[in-house]
Amino acid sequence: MSKATWLNVGGRADVLFKPCDIEDLTYLIKNTELPVSVIGATSNIIVRDSGIRGITVKLGEQQISGLEFLVGIPGTVGGGIEMNAGAYGSDIASVVQSIKAVNLEDGNLYKFSSEEMGYFYRGHSLKGNWIFVEAEFKGVNSEYELILQRLKEIVEKKNKSQPIRGKTAGCIFKNPKNCRAWELIDKSGCLGLNIGGARISKKHCNFLLNYDNATASDLENLGNRVKDAVKDKFNVELEWEIRVLGSY
């Protein structure tokens with residue numbers, strides 16, 4: 104999986120399945136007893152060095168774009184829906200109208216309104232395991248030049264404040280209530296911390312970098328060391344925003 108992930112780490116998947124369409128996906132789920140894991144653009148995951156057992160479903164690779172606050176956020180639309188992706192004061196919950204999803208238990212297709220999703224910061228309230236396959240978004244009419252200017256401003260801000268050119272998976276941790284994860288990490292002395300080939304970015308300390316042929320263990324262990332440092336100093340338990348897949 105190392106060649107398929109943004110962080111360039113991870114062992115082999117037993118089976119990698121790329122469905123042609125929704126019917127292909129539902130057929131698989133209804134006709135297998137093997138465990139199923141789901142990945143999209145792999146922009147926010149660490150695949151452990153031991154790889155992934157069972158079937159790994161690889162979904163579409165379209166980048167999210169067209170909605171201003173999402174510019175520069177890597178990933179698939181389905182992944183953005185799953186984690187309620189957002190930036191600069193907006194998120195998926197504020198622009199999505201309806202969603203279609205396949206249930207991983209029964210393989211059936213369901214439709215939900217934004218309200219039924221029960222969105223909150225970096226998550227939703229649906230019970231069970233779901234694969235998000237389709238969404239309808241709402242937009243607001245605006246002048247073309249104003250939209251381009253807004254996109255340019257966001258891209259410039261990201262270039263200045265985030266290590267978007269490196270091997271990274273975006274923010275490591277979710278922001279705790281009433282504070283920012285990067286501030287806690289910085290004040291805990293973790294800026295530039297490294298284990299093996301993994302390093303905490305000096306440009307934005309809530310970013311984890313594979314800067315020198317890191318293993319998945321290097322990255323996960325470094326993230327856990329940061330969690331421990333913040334817990335020791337502030338008694339705050341940081342929650343991973345990056346997904347970790349695979350067995351030890």
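Per our numbering: the sequence shown ends with 351, consecutive numbering throughout. Using N, Cα and C, we set each Cβ at its ideal position, and we do this for glycine too. Keep in mind it's a predicted model, so treat the numbers as computed, not measured.
- Message: Please state whether the Cβ-Cβ distance between valine 205 and lysine 241 is less than 9 Å.
- Response: What you label residue 205 is simply residue 102 of the sequence shown in a count that begins at 1. What you label residue 241 is simply residue 138 of the sequence shown in a count that begins at 1. No.
- Message: Between Leu287, Phe310 and Ile234, which has its C-alpha nearest glutamate 126's C-alpha?
- Response: What you label residue 126 is simply residue 23 of the sequence shown in a count that begins at 1. The closest CA to that of glutamate 126, considering only Leu287, Phe310 and Ile234, is found on Ile234.
- Looking only at its own chain, which residues have a Cβ that is under 7 Å from the Cβ of glutamate 185, when we skip the five neighbours before and after it? To locate residue 185, count along the sequence shown from 1; it is residue 82. Taken in chain order, the residues that qualify are Phe235.
- Query: So, helix, strand or coil for glycine 295, using DSSP?
  - Reply: Indexing the sequence shown from 1 puts residue 295 at position 192. If DSSP states are grouped into helix, strand and coil, glycine 295 belongs with coil.
- Message: Does isoleucine 184 come out as helix, strand or coil in the three-state DSSP assignment?
- Response: Looking up residue 184 in the sequence shown gives position 81. Isoleucine 184: helix per DSSP, three-state reduction.
- Query: On the three-pair Cβ rule with 8 Å, is the segment 288-308 touching the segment 257-276?
  - Reply: Counting C-beta pairs closer than 8 Å gives three or more between the segment 288-308 and the segment 257-276, which meets the contact rule.
- Message: Only counting the same chain, and skipping five residues up and downstream in sequence, which positions put a Cβ closer than 7 Å to that of aspartate 315?
- Response: Working through the sequence shown from its first residue, we reach residue 315 at position 212. Contacts found: Gly300.
- Alpha carbon to alpha carbon, what distance is there between isoleucine 275 and lysine 161? Mapped onto the sequence shown, residue 161 falls at position 58. Mapped onto the sequence shown, residue 275 falls at position 172. Going from the Cα of lysine 161 to the Cα of isoleucine 275 covers about 22 Å.
- Item | Any non-hydrogen atom of the ligand GDP closer than 8 Å to serine 146 Cβ | By its list of ligands, the structure shown contains no ligand whatsoever, and the ligand GDP lies outside what it can speak to.
- Item | Continuous alpha helix (DSSP H) stretch holding glutamate 219: start and end | For the purposes of this step, residue 219 is taken as residue 116 along the sequence shown, with counting starting at 1. Annotation: the continuous alpha helix (DSSP H) that includes glutamate 219 extends over 217-220.
- Which residue comes first and which comes last in the beta strand (DSSP E) that contains proline 276? Counted from its first residue, the sequence shown places residue 276 at position 173. According to the sequence shown, residue 276 is phenylalanine rather than proline. Counting along the chain, phenylalanine 276 sits inside no beta strand (DSSP E), nor does DSSP assign it H or E at all.
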